[in-house]
Amino acid sequence: MNSDRLTIRAEALEPLFGAWEEPSKHRVRADSGEGAVERKGRRASGIAIAQNLRAMVKEWRDSFYFGASETTRHLLNHWFGRAHRVRGSAGLYEPRSGLGPRGPLTMNRPGEPLTPALSP
Numbered sequence: 002m003n004s005d006r007l008t009i010r011a012e013a014l015e016p017l018f019g020a021w022e023e024p025s026k027h028r029v030r031a032d033s034g035e036g037a038v039e040r041k042g043r044r045a046s047g048i049a050i051a052q053n054l055r056a057m058v059k060e061w062r063d064s065f066y067f068g069a070s071e072t073t074r075h076l077l078n079h080w081f082g083r084a085h086r087v088r089g090s091a092g093l094y095e096p097r098s099g100l101g102p103r104g105p106l107t108m109n110r111p112g113e114p115l116t117p118a119l120s121p
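The sequence shown begins at 2 in this note's numbering and counts up one residue at a time.
Structure below.
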């Protein structure tokens, strides 16, 4: 493989699970150096706060959001309980979001990169 060329594999950009689902697999670099392979389970983290936060969020979800207001529980169940497909000019897609170093990110159309959701 020529180190001056960058190959982007579209399948590597596809999510392995929905935003509302607990991760059940992750991708790792293939031994051959080409592409990636899927591994079962969540990617391990050596960061203690990440492990603790994952466990606490799982416990909170499993207890049906104990301590949250009825309205908050309703909204959380609406968002995390199902897919939210949107019909656009390119067909059906699921809006995705994330958190970047400068705040919320969003992707509104297939193939678009995550961009700042809020203007400065």
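All C-beta atoms, glycine included, are put in the ideal place defined by N, C-alpha and C.
Secondary structure of residue i, DSSP reduced to three states
i: Arg86; result: coil
i: Glu39; result: strand
i: Arg10; result: coil
i: Arg28; result: strand
i: Ile50; result: helix
i: Thr116; result: Legend: pLDDT at Thr116 = 48, less than 50; position of this residue unreliable, value from coordinates given subsequently. Looking at Thr116 - three-state DSSP - the assignment turns out to be strand.
i: Glu23; result: coil
i: Arg44; result: coil
i: Leu100; result: Residue confidence for Leu100 is low, a pLDDT of 49 falling below 50, so the modelled location carries little weight and cannot support an answer.
i: Phe81; result: helix
i: Ala56; result: helix
i: Leu76; result: helix
i: Glu71; result: helix
Through-space distance from residue j to residue i, alpha-carbon basis
i: Ala13; j: Ala56; result: 27 angstroms
i: Arg43; j: Trp61; result: 18 angstroms
i: Phe65; j: Ala49; result: 25 angstroms
i: Val38; j: Ala31; result: 6 angstroms
i: Ser1; j: Leu76; result: No statement about residue 1 is possible, as the shown extent of the chain runs from 2 to 121 and does not include it.
i: Val58; j: Thr73; result: 15 angstroms
i: Lys123; j: Arg88; result: The structure shown does not extend to residue 123, since the chain spans only 2 to 121, so no value can be given for it.
i: Leu17; j: Ala45; result: 16 angstroms
Inspect the CB distances between the segment 69-83 and the segment 19-26 and report whether three or more fall short of 8 angstroms. Verdict: yes, contact present.
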